[in-house]
Amino acid sequence: MVMNILTKIFGSRNDRTLRRMRKNVDVIGRLEPEMEKLSDEELQAKTLEFRVRLEKGETLENLLPEAFAVVRESSKRVFGMRHFDVQLIGGMVLNERCIAEMRTGEGKTLTATLPAYLNALTGRGVHVVTVNDYLAQRDAENNRPLFEFLGLSVGINLPGMPAPAKREAYAADITYGTNNEYGFDYLRDNMAFSPEERVQRKLYYALVDEVDSILIDEARTPLIISGPAEDSSELYISVNKIIPHLIRQEKEDSDTFHGEGHFSVDEKARQVNLTERGLVLVEELLVKEGIMEEGESLYSPTNIMLMHHVTAALRAHVLFTRDVDYIVKDGEVIIVDEHTGRTMQGRRWSDGLHQAVEAKEKVAIQNENQTLASITFQNYFRLYEKLAGMTGTADTEAFEFSSIYKLDTIVVPTNRPMIRKDLPDLVYMTEQEKIDAIIEDIKDRSVKGQPILVGTISIEKSEVVSQALEKAGIKHNVLNAKFHAMEADIVAQAGQSGAVTIATNMAGRGTDIVLGGSWQAEVAHLENPDDAQIAEIKAAWKVRHDAVLAAGGLHIIGTERHESRRIDNQLRGRSGRQGDAGSSRFYLSMEDALMRIFASDRVSNMMRKLGMKPGEAIEHPWVTKAIANAQRKVESRNFDIRKQLLEYDDVANDQRRAIYTQRNELLDVSDISETITSIREDVFKATIDSYIPPESLEEMWDTEGLEQRLKNDFDLDMPIKAWLDKEPELHEETLRERIFQQALEVYHRKEEVVGAEVMRNFEKGVMLQTLDSLWKEHLAAMDYLRQGIHLRGYAQKDPKQEYKRESFSMFAAMLESLKYEVISTLSKVQVRMPEEIEALEQQRREEAERLAQQQQFSHQEEDSLNTGSPAQADRKIGRNDPCPCGSGKKYKQCHGRLQK
Numbered sequence: 001m002v003m004n005i006l007t008k009i010f011g012s013r014n015d016r017t018l019r020r021m022r023k024n025v026d027v028i029g030r031l032e033p034e035m036e037k038l039s040d041e042e043l044q045a046k047t048l049e050f051r052v053r054l055e056k057g058e059t060l061e062n063l064l065p066e067a068f069a070v071v072r073e074s075s076k077r078v079f080g081m082r083h084f085d086v087q088l089i090g091g092m093v094l095n096e097r098c099i100a101e102m103r104t105g106e107g108k109t110l111t112a113t114l115p116a117y118l119n120a121l122t123g124r125g126v127h128v129v130t131v132n133d134y135l136a137q138r139d140a141e142n143n144r145p146l147f148e149f150l151g152l153s154v155g156i157n158l159p160g161m162p163a164p165a166k167r168e169a170y171a172a173d174i175t176y177g178t179n180n181e182y183g184f185d186y187l188r189d190n191m192a193f194s195p196e197e198r199v200q201r202k203l204y205y206a207l208v209d210e211v212d213s214i215l216i217d218e219a220r221t222p223l224i225i226s227g228p229a230e231d232s233s234e235l236y237i238s239v240n241k242i243i244p245h246l247i248r249q250e251k252e253d254s255d256t257f258h259g260e261g262h263f264s265v266d267e268k269a270r271q272v273n274l275t276e277r278g279l280v281l282v283e284e285l286l287v288k289e290g291i292m293e294e295g296e297s298l299y300s301p302t303n304i305m306l307m308h309h310v311t312a313a314l315r316a317h318v319l320f321t322r323d324v325d326y327i328v329k330d331g332e333v334i335i336v337d338e339h340t341g342r343t344m345q346g347r348r349w350s351d352g353l354h355q356a357v358e359a360k361e362k363v364a365i366q367n368e369n370q371t372l373a374s375i376t377f378q379n380y381f382r383l384y385e386k387l388a389g390m391t392g393t394a395d396t397e398a399f400e401f402s403s404i405y406k407l408d409t410i411v412v413p414t415n416r417p418m419i420r421k422d423l424p425d426l427v428y429m430t431e432q433e434k435i436d437a438i439i440e441d442i443k444d445r446s447v448k449g450q451p452i453l454v455g456t457i458s459i460e461k462s463e464v465v466s467q468a469l470e471k472a473g474i475k476h477n478v479l480n481a482k483f484h485a486m487e488a489d490i491v492a493q494a495g496q497s498g499a500v501t502i503a504t505n506m507a508g509r510g511t512d513i514v515l516g517g518s519w520q521a522e523v524a525h526l527e528n529p530d531d532a533q534i535a536e537i538k539a540a541w542k543v544r545h546d547a548v549l550a551a552g553g554l555h556i557i558g559t560e561r562h563e564s565r566r567i568d569n570q571l572r573g574r575s576g577r578q579g580d581a582g583s584s585r586f587y588l589s590m591e592d593a594l595m596r597i598f599a600s601d602r603v604s605n606m607m608r609k610l611g612m613k614p615g616e617a618i619e620h621p622w623v624t625k626a627i628a629n630a631q632r633k634v635e636s637r638n639f640d641i642r643k644q645l646l647e648y649d650d651v652a653n654d655q656r657r658a659i660y661t662q663r664n665e666l667l668d669v670s671d672i673s674e675t676i677t678s679i680r681e682d683v684f685k686a687t688i689d690s691y692i693p694p695e696s697l698e699e700m701w702d703t704e705g706l707e708q709r710l711k712n713d714f715d716l717d718m719p720i721k722a723w724l725d726k727e728p729e730l731h732e733e734t735l736r737e738r739i740f741q742q743a744l745e746v747y748h749r750k751e752e753v754v755g756a757e758v759m760r761n762f763e764k765g766v767m768l769q770t771l772d773s774l775w776k777e778h779l780a781a782m783d784y785l786r787q788g789i790h791l792r793g794y795a796q797k798d799p800k801q802e803y804k805r806e807s808f809s810m811f812a813a814m815l816e817s818l819k820y821e822v823i824s825t826l827s828k829v830q831v832r833m834p835e836e837i838e839a840l841e842q843q844r845r846e847e848a849e850r851l852a853q854q855q856q857f858s859h860q861e862e863d864s865l866n867t868g869s870p871a872q873a874d875r876k877i878g879r880n881d882p883c884p885c886g887s888g889k890k891y892k893q894c895h896g897r898l899q900k
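This is the structure in structure tokens:
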């Protein structure tokens, strides 16, 4: 109550921010006549003037009014388009490390030119981030004339570009690209073997378009660069055969209930759990398939990976549906983005799930991959010094933007008042009743000439509606992941009189629906049109536009509520752009996923009390409220999942930053001999300590063991026992010094043969390669730790704290192992001529490049916090077996030391 009164008196924080920014808008407006008087050359010279003023100590905030006035005037001359006042406000919001919520059709792309220009004046690079390559290329090419008029360079960062082209794109003042490509380039840069291989500069300012899609919807999706792991495709096929024998149980087993089913499903958490009966049957079937031995348990340590396969196969069959979660095209399983309806070529689910779906669909099973480098979008974008974003729907996620990214959300007013009518939801008892009502509504409106956009939440649902429309004889277009090649044309003409368009999750399409259709699209289909033809097309479009407005504008039909209110708002936002007329309505049924899982009991009871008849709909504020509450529940749960993912990834992030910082320092120096000497001292001290404890009696010394260790691990022949027999008075410190000096002499003799410069390069190469190899193994170990850490909760321990503690211990062990491996490798290396060493280095670089090309997404599941699991053999490794890492050493002398 008190807060409401205070808000009425002083205005909300949003109102106060807008009032402050309007003062700057007035200043920019007063500068407009002055800018109009400038010649093109004088206007262009302003860029250099601003840069000089920045160097002399002026701030971007001081320059903002003049800089925005220059961009507004330049846009008028280059595009014939003048920035609206609300676009100037949007530009200011983006410059202040905030998120600008701007409605569809308000010109976000043009708005972005303002802060992009201002921040590019620093010379530190501006990254404009889009959701797909098409938009990156389109926006870069559309805005290039404006930026080049102002003397700024524009780069486009696309997948598959060679390193020199990428470096050139990043060197530009303003670079356009996708969130995926920026993230992958960051990871690849931190796998480079020389400074010249890196493409990115220091991350300064990121301006994210469709920020909610990238920073929230994609937040559960880690970027992963991976290499192939062990082939286990036959195991996926074998396990897949047993799943059809299992029966679903509606309730989980408890003390009072023991069902007949073999597994239960938690739809809210998207989890599948075997029952006791199911576990017994699965073990029997695995024995029958010859996968498990008689008497073995699925939960025994040796069968951990087998349990992983069974769980993945169950989830593939029960929770993932063809044409909803994925499509099968050309013998390949392709994920469908639940938020946008787009296919995600190249992305793969992690944790063996993708292979399980491939086995289910009987297509070729691709190998699981081992993580070489990974980062979440949350942690990647927090690396930027300045971060800002824009979207049509951010206000519902304002808390998450603030708590995770420290970004405030400012709602920018529309240029013209919004007059779209958002009609109340209609709820039917069954899916069929709902579809029938939708078809009737479409019939009535299309006859009047009103264009209709039907939004569905999956490809499957879009095809159901399409079939119903075909049956009713209504002509329509379908816009979903299966037909994305025709997407731009379909969207461009979706505003034609009477047009009916079905769209799967309209979010992120990047093209406005113009009432009467797009006259620009018509012109684009003509070869060399003259002015008369263009004028004729525009005149015809004006007639169509006015007719559509008279019919009520674009009508939006939602066939189901999405889990997130924001996605619903994005669908609605396609209508009513720039003050146009429009309307929207959602049709729901009690069989919809959201209603069934979250709102069914309360609404069903309400409908029964009202005595609903078949075909009748309920339209009541209580229903709308119940649905909104259900959506809030899901949003809250998803936020908790993203927050938890971040808390776990923050542990890895601290380690990642430490490793990458160390790696970049290594790349940037030419001589690391002092570091190698320091490491050598540490390694030899620790090695000698394990056989000759400090300040101990000679009887406690294991000189034979030390001789053997020095020979095996450092290729050093040292007759320590003979020295002691010959010199009984030899002091411990003197012995230590002699061992170290002899090792140093052997190393220096090698250096004399090949030369200091070659040895320095070799030291650097060994250090980098060893660091990369151990980091890769550490990531795999972290993956496995994360998968099982929740079990610590049963021991009354906090899994997050346990994860932090154990991962820190593993990291410390990895750093110790790094020192040991580097000195061991350098000591054992056989001296070769410079050209041989260069050939080896080139081979390493090519291998790194090959692995970097195998980039992939690990499409993170809502319920899963692990970032892609490398497959490993279950076989127990003996202490005297060769180490699996390929070093050639015995396991006990290599990675077996870390198991102690």
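Everything in the sequence shown is counted per full-length UniProt numbering, starting at 1 for the first residue and increasing by one.
Ideal Cβ placement from N, Cα and C applies to all residues, glycine included.
Between which two residues does the alpha helix (DSSP H) harbouring L426 extend?
Position 426 of the sequence shown, counted from the start, is the residue given in the question as residue 426. From DSSP, L426 is part of no alpha helix (DSSP H) but of the beta strand (DSSP E) over L426 to Y428.
Locate the alpha helix (DSSP H) running through G788, then write down its first and last residues.
Taking the sequence shown and counting its residues from 1, one reaches residue 788 at position 788. Per DSSP, G788 belongs to the alpha helix (DSSP H) from A756 to G788.
Would you call the region 356-375 in contact with the region 193-205, where contact means no fewer than 3 C-beta pairs closer than 8 Å?
No, the region 356-375 is not in contact with the region 193-205.
Taking C-alpha atoms, which residue in L735, I225, Y784 and V669 lies nearest to G765?
Locating residue 765 in the sequence shown gives position 765, where the first residue counts as 1. If we check each option's Cα against that of G765, V669 comes out closest.
Would you call F381 buried or exposed, if buried means 16 or more other Cβ atoms sit within 10 Å of its Cβ?
Here residue 381 refers to the residue found at position 381 when the sequence shown is read from its first residue. Label assigned to F381: buried.
Give the DSSP bridge partners of W519, in chain order.
Translated into the one-based positions of the sequence shown, residue 519 becomes position 519. Paired residue(s): none; W519 is not in a bridge.
What did DSSP end up calling N132 once you bin it into helix, strand or coil?
To locate residue 132, count along the sequence shown from 1; it is residue 132. It is coil, neither helix nor strand.
Quick check on the burial criterion: 16 or more other C-beta atoms within 10 angstroms. Buried or exposed for D546?
If you number the sequence shown from 1, residue 546 lands on position 546. The residue is exposed, with fewer than 16 neighbouring Cβ atoms inside 10 Å.
Mapping DSSP to helix, strand and coil, what is V651?
Translated into the one-based positions of the sequence shown, residue 651 becomes position 651. Correct three-state label for V651: helix.
Under the DSSP definition of a beta bridge, which residues are partnered with H555?
The count along the sequence shown starts at 1 and reaches residue 555 at position 555. Note: H555 sits in a beta bridge opposite I452 and S583.
Give the DSSP bridge partners of A206, in chain order.
Position 206 of the sequence shown, counted from the start, is the residue given in the question as residue 206. BP columns for A206 point to H127 and L387.
Give the secondary structure of A312 by DSSP, where H, G and I count as helix, E and B as strand, and everything else as coil.
Taking the first residue of the sequence shown as position 1, residue 312 is located at position 312. In this structure, A312 counts as helix in the three-state DSSP scheme.
Between S678 and R188, what straight-line distance do the alpha-carbon atoms span, to the nearest angstrom?
If you number the sequence shown from 1, residue 678 lands on position 678. If you number the sequence shown from 1, residue 188 lands on position 188. Approximately 29 Å, taken between the alpha carbons.
Taking a contact to mean a Cβ-Cβ separation below 8 Å, would you say A388 touches L135 in this structure?
Working through the sequence shown from its first residue, we reach residue 388 at position 388. Working through the sequence shown from its first residue, we reach residue 135 at position 135. No. Outside cutoff.
I need the boundaries of the alpha helix (DSSP H) containing E446, first residue and last residue.
In the sequence shown, the residue the question calls residue 446 occupies position 446. Sequence inspection shows Ser at residue 446; the Glu mentioned does not correspond to that position. First-last of the alpha helix (DSSP H) with S446: E431 to V447.
Which term fits P694, buried or exposed, when burial requires 16 or more other beta carbons within 10 angstroms of its beta carbon?
The residue given as residue 694 occupies position 694 in the sequence shown. P694 should be labelled exposed.
Buried or exposed for I556, going by 16 or more other Cβ atoms inside 10 Å?
As a position in the sequence shown, residue 556 is number 556, starting the count at 1. Classification of I556: buried, given that the 10 Å Cβ count is 16 or more.
Using CA atoms only, rank isn't needed, just tell me which of Q345, E296 and S264 is closest to T311.
Numbered from its first residue, the sequence shown carries residue 311 at position 311. Of the listed residues, the one whose Cα sits closest to T311 is S264.
Looking at the unbroken alpha helix (DSSP H) that takes in T47, where does it start and where does it end?
The count along the sequence shown starts at 1 and reaches residue 47 at position 47. That run of the alpha helix (DSSP H) goes D40 to E55.
Excluding the 5 residues preceding and the 5 following R20 in the sequence, name in chain order all residues of the same chain whose CB lies nearer than 8 Å to its CB.
As a position in the sequence shown, residue 20 is number 20, starting the count at 1. The answer is none, since no qualifying residue turns up.
Between D713, V287 and E276, which has its C-alpha nearest V239's C-alpha?
Residue mapping note: residue 239 aligns to position 239 of the sequence shown, counting from 1. Closest option to V239, Cα to Cα, is V287.
Let me confirm a value: Y117 is counted as buried when at least 16 other C-beta atoms fall within 10 Å, else exposed. Which label applies?
Position 117 of the sequence shown, counted from the first residue, corresponds to residue 117. It is buried - the Cβ of Y117 has at least 16 other Cβ atoms within 10 Å.
Could you check where the beta strand (DSSP E) with Q271 kicks off and where it finishes?
For the purposes of this step, residue 271 is taken as residue 271 along the sequence shown, with counting starting at 1. Q271 to L274 is the extent of the beta strand (DSSP E) around Q271.
Taking the continuous alpha helix (DSSP H) assigned at Y263, which residues delimit it?
As a first step, residue 263 must be located in the sequence shown, where it is residue number 263. This sequence places Phe at residue 263; Tyr is not what is there. Premise fails: F263 lies in the beta strand (DSSP E), F263 to D266, not in any alpha helix (DSSP H).
At the level of alpha carbons, what is the spacing between R738 and Q655?
Locating residue 738 in the sequence shown gives position 738, counting from the first residue. Locating residue 655 in the sequence shown gives position 655, counting from the first residue. So the two alpha carbons sit approximately 37 Å from each other.
If the criterion is Cβ atoms closer than 8 Å, does the pair Y384 and A206 meet it?
Translated into positions along the sequence shown, residue 384 becomes position 384. Translated into positions along the sequence shown, residue 206 becomes position 206. For Y384 and A206, yes; Cβs fall inside 8 Å.
Out of I823, I365 and N142, state which residue places its alpha-carbon closest to the alpha-carbon of A743.
For the purposes of this step, residue 743 is taken as the residue at position 743 of the sequence shown. When only C-alpha atoms are compared, the closest one is I823.
What are the residues that DSSP puts in a beta bridge with E332?
As a position in the sequence shown, residue 332 is number 332, starting the count at 1. Paired residue(s): K329.
Examine the Cβ distances between the region 123-134 and the region 198-214 and report whether three or more of them are shorter than 8 Å.
The region 123-134 vs the region 198-214: in contact.
DSSP on K711, reduced to helix/strand/coil?
Along the sequence shown, read from residue 1 onward, the residue named residue 711 stands at position 711. Residue state, collapsed to three classes: helix.
Does Q249 come out as helix, strand or coil in the three-state DSSP assignment?
Locating residue 249 in the sequence shown gives position 249, counting from the first residue. Strand, per DSSP.
If you draw a straight line from the alpha carbon of E234 to that of W349, how long is it in whole angstroms?
Residue numbering aside, residue 234 sits at position 234 when the sequence shown is read from its first letter. Residue numbering aside, residue 349 sits at position 349 when the sequence shown is read from its first letter. Roughly 19 Å between the two C-alpha positions.
Counting C-beta neighbours from all protein chains within 10 Å, is the total for N62 16 or more, i.e. buried, or is it exposed?
Here residue 62 refers to the residue found at position 62 when the sequence shown is read from its first residue. By the neighbour-count rule (16 or more Cβ atoms within 10 Å), N62 is not buried but exposed.
So, using beta-carbon positions, are R144 and V154 closer together than 8 Å?
As a working mapping, residue 144 is identified with position 144 in the sequence shown. As a working mapping, residue 154 is identified with position 154 in the sequence shown. Yes. Within cutoff.
Go ahead and pull the three-state DSSP assignment for T675.
Taking the sequence shown and counting its residues from 1, the one referred to as residue 675 is at position 675. Three-state DSSP puts T675 in a helix.
Just the Cα atoms here: how many angstroms apart are E210 and E536?
Taking the first residue of the sequence shown as position 1, residue 210 is located at position 210. Taking the first residue of the sequence shown as position 1, residue 536 is located at position 536. Approximately 35 Å, taken between the alpha carbons.
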